[in-house]
Amino acid sequence: KMKLKAIYLFLLGVLRLSLQNNNPDVIGLVKDFLIKLDFPFKITAYVCWSKDIQLHLWKQMSAQNLVCQMGKFTENIPSYFPPEHLLFLLDANCNGSNILLQQASQLKLFSHPYKWIVLDQADQKTFKGIFLAVDSRVFIIKKIVESDIYRIVSWYEIEENSSEILENDVAEWHPKRGFLLYNKLNSANRSNMMGLNVNVTYTALFSDSYNHLDDFRDTQLDPVLKTSWILTNCAMEMINMTSTKIIRSSYGKILPNTTRYDGLVGDIQSGVAEIAGNSFYLRSDRIPFVEYVAPCCPSYLRFIFRAPPLSFVSNIFILPFDLNVWYSCLGLIPVILIAVYLIAVWESKDPIFKEKEHKSSSPKLEPGIFNALLMELGAITQQGAEAEPKSNSGRIATIITFICLMFLFTAYSANIVALLQSTAENIKNPEDLLNYSIALGMRDIYLTHYYYKTSTEPIVKAVYNKMSPKGQKPNFMTLEEGVDRMQKEFFAFQTDPTSAYKIIEKTYQENEKCQLREITVFNAIEPYVAIKKRSPYKEVIKIGMKKIMESGIQRRTIDRIYSKKPKCHGQGSSFGSAAILDCYAAYVIFGVGVGISFIIFCFEIIFNKKKLNTCLIFGKMSQK
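Counted the way mature numbering (1 follows the signal peptide of the UniProt record, and there is no 0) counts, the sequence shown spans residues -20 to -1, 1 to 604.
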């Protein structure tokens, strides 16, 4: 054993001496390797070479437009921004290299995104006590014994304090022939976690959410949890990782007088869990301790409502004609009125028509503005007229009037029928929810309340105040109650659409499904799977999620859990009776007419009494 140890130390010394004597070759290798990496590095070199060789290194790096400086083993390691551009070149055979490695480990410089090139002929004991994480980029340059070929490998560990350091073969290089072999190092080369167990935290919004997590039953209950559970487990299986589940009742909020969170976010912040199994929306207040990895599922909070009949938001009795047609109709009324009046006056003064009056059984149109107006109103409403002109010209004018107004009446009636079956498309944004007389409500869950209360947008706060007015019972309810009110009332209900559509598909009529509309108040992108900030497993988890997306597993899971908006079949095939609101304008006209007639009636009574009193006074005066 003593002889073997002596031989080993002798060979090690020879290799170290060989490496030091071939510094120009090593510099050429470093230069070629940096060209392969193709990144604008800022290099800090820790070497114990002669000044001439250090100058040669600096010139070679400058020729590649790379910044290079010489570091000192006796000084603290400098930090620069951005860290992605930092690369440390270390000759591990120099005195003080072990101290430098320990200092770098304490500063966590062996994790992403820092990069190292280490010249070392020793074994892995050089990095004893140093955690080379899965996402680390530490390249070791070794010279193959009895050969001019240099070998580049990269070491890493699955977890801290691991008993085994794993190795990736990166390249082989010859001073004259260049790279004989080159394998680009990426996270896919380290995607086998060898059964590593990590803590994964989930949030269950309902007590029944724990049931049927992976059998696709009751998918309307917490679809985000069910989707995230399946996808996260699949991703971890793909990278050969196991998990310990932690279930929380909330996503997490800031604890009073602290910067700490509770719930799922608190587990990530405190380091209790490595991965957030539940996907959640991107929020700026979580960025300091959470990294978002990949999108999970199309889960949004939206207001769903049935588009109301057009009569709910507009006066349908003025919609059949556009403004120019109404102006034309208003202009036609005085023209007809004047023509009929002039004809009636002419007939009353011509003796010929007095003879015809005795021979005709129908009454003659008496000259008078109101008589002509009544005849015209009868024509407009297609009710006919009691009196008629006796002259040929008068009858021709009357016939043309009735024919002209008949076409207008037919077009108006046909449009009214179509408008009664139409729905309004006026409600398109959150402002419309506030401006129209539509009732608002939302599913009573903690998450929705939290988003409303922490939002700083005025429109969001106004919507929340409309749902929960002061002094009244707030419209916070269960999913089933909200969907039922949507069917029966002019009501908008905020929830995850997939949960509502699961019930709507079974309970709504076909024409009611055609009236469904959505409005988004929270402008957020789809939820993301998150992981602890600067976690070494970020890239491998991302690889697992990307594989799920590419293989179609994610799409299949979403299609089985998330219900799509029901398709519209046979819109207009059902019959709906006209409601009181549809006839609102008719009742208003009737009421206005009754009111005006009553006022005129009162004036007539007053006028007749005054006239009667005047007659009595003149009668008494004449008797005297």
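For every residue, glycine included, the Cβ atom is placed at its ideal position computed from N, Cα and C.
Alpha carbon of residue i to alpha carbon of residue j, nearest angstrom
i, j, result
"residue 116", "residue 56", "21 Å"
"residue 1", "residue 528", "With a pLDDT of 47 at residue 1, under the threshold of 50, the predicted position of this residue should be treated as unreliable, and no value is reported."
"residue 464", "residue 284", "12 Å"
"residue 106", "residue 78", "7 Å"
"residue 534", "residue 541", "11 Å"
"residue 493", "residue 467", "10 Å"
"residue 395", "residue 388", "11 Å"
"residue 586", "residue 419", "49 Å"
"residue 166", "residue 519", "9 Å"
"residue 213", "residue 475", "27 Å"
"residue 618", "residue 509", "Nothing about residue 618 can be read from this structure; the chain reaches only from -20 to 604."
"residue 198", "residue 211", "18 Å"
"residue 593", "residue 579", "21 Å"
"residue 507", "residue 279", "7 Å"
"residue 584", "residue 566", "27 Å"
"residue 313", "residue 487", "51 Å"
"residue 156", "residue 147", "26 Å"
"residue 294", "residue 409", "18 Å"
"residue 230", "residue 445", "24 Å"
"residue 289", "residue 261", "35 Å"
"residue 511", "residue 235", "21 Å"
"residue 370", "residue 496", "59 Å"
"residue 422", "residue 204", "18 Å"
"residue 330", "residue 296", "46 Å"
"residue 154", "residue 63", "31 Å"
"residue 318", "residue 469", "50 Å"
"residue 386", "residue 360", "7 Å"
"residue 44", "residue 161", "22 Å"
For residue i, three-class secondary structure by DSSP
i, result
"residue 199", "coil"
"residue 104", "helix"
"residue 174", "coil"
"residue 25", "strand"
"residue 191", "coil"
"residue 566", "helix"
"residue 451", "coil"
"residue 404", "coil"
"residue 184", "coil"
"residue 49", "strand"
"residue 179", "strand"
"residue 584", "helix"
"residue 368", "strand"
"residue 517", "coil"
Distance between beta carbons of residue j and residue i, contact taken as under 8 Å
i, j, result
"residue 479", "residue 459", "6 Å"
"residue 226", "residue 253", "6 Å"
"residue 377", "residue 320", "7 Å"
"residue 416", "residue 425", "Actually they are not in contact, since the Cβ atoms of residue 416 and residue 425 sit about 26 Å apart, beyond 8 Å."
"residue 85", "residue 113", "Wrong, their Cβ atoms sit about 11 Å apart, outside the cutoff."
"residue 241", "residue 232", "4 Å"
"residue 484", "residue 438", "The Cβ separation is near 31 Å, so there is no contact."
"residue 537", "residue 207", "6 Å"
"residue 611", "residue 524", "Limits of the chain in this structure are -20 at one end and 604 at the other, which puts residue 611 out of reach."
"residue 94", "residue 53", "That pair is no contact at about 18 Å."
Residue range of the alpha helix (DSSP H) that includes residue i
i, result
"residue 303", "303 to 329"
"residue 148", "Not the alpha helix (DSSP H): residue 148 falls in the beta strand (DSSP E), residues 146 to 154."
"residue 44", "No alpha helix (DSSP H) contains residue 44, which DSSP labels as neither H nor E."
"residue 468", "459 to 468"
"residue 534", "533 to 541"
"residue 8", "3 to 17"
"residue 359", "349 to 360"
Distance cut-off 6 Å: residue i Cβ against heavy atoms of the ligand FMN
i, result
"residue 565", "Ligands are entirely absent from the displayed structure, and the ligand FMN is therefore not among its contents."
Range of the contiguous beta strand (DSSP E) that encloses residue i
i, result
"residue 158", "158 to 162"
message: Ignoring anything shorter than 3 residues, give me the beta strand (DSSP E) runs that lie fully in the stretch 57 to 134, in order along the chain.
response: 66 to 71, 95 to 99, 117 to 123
task: Any chance you could list the beta strand (DSSP E) runs of at least 3 consecutive residues sitting entirely within the stretch 250 to 295, in chain order?
output: 255 to 260, 270 to 275, 282 to 286
query: Which residue spans inside the stretch 219 to 253 form an unbroken beta strand (DSSP E) run of at least 3?
result: 221 to 228
- request: Only counting runs of 3 or more residues, tell me where the beta strand (DSSP E) segments fall wholly within the stretch 473 to 513, in order along the chain.
  value: 496 to 500, 508 to 512
Contiguous alpha helix (DSSP H) assignments of at least 4 residues, all confined to the stretch 391 to 446: 410 to 415, 426 to 434
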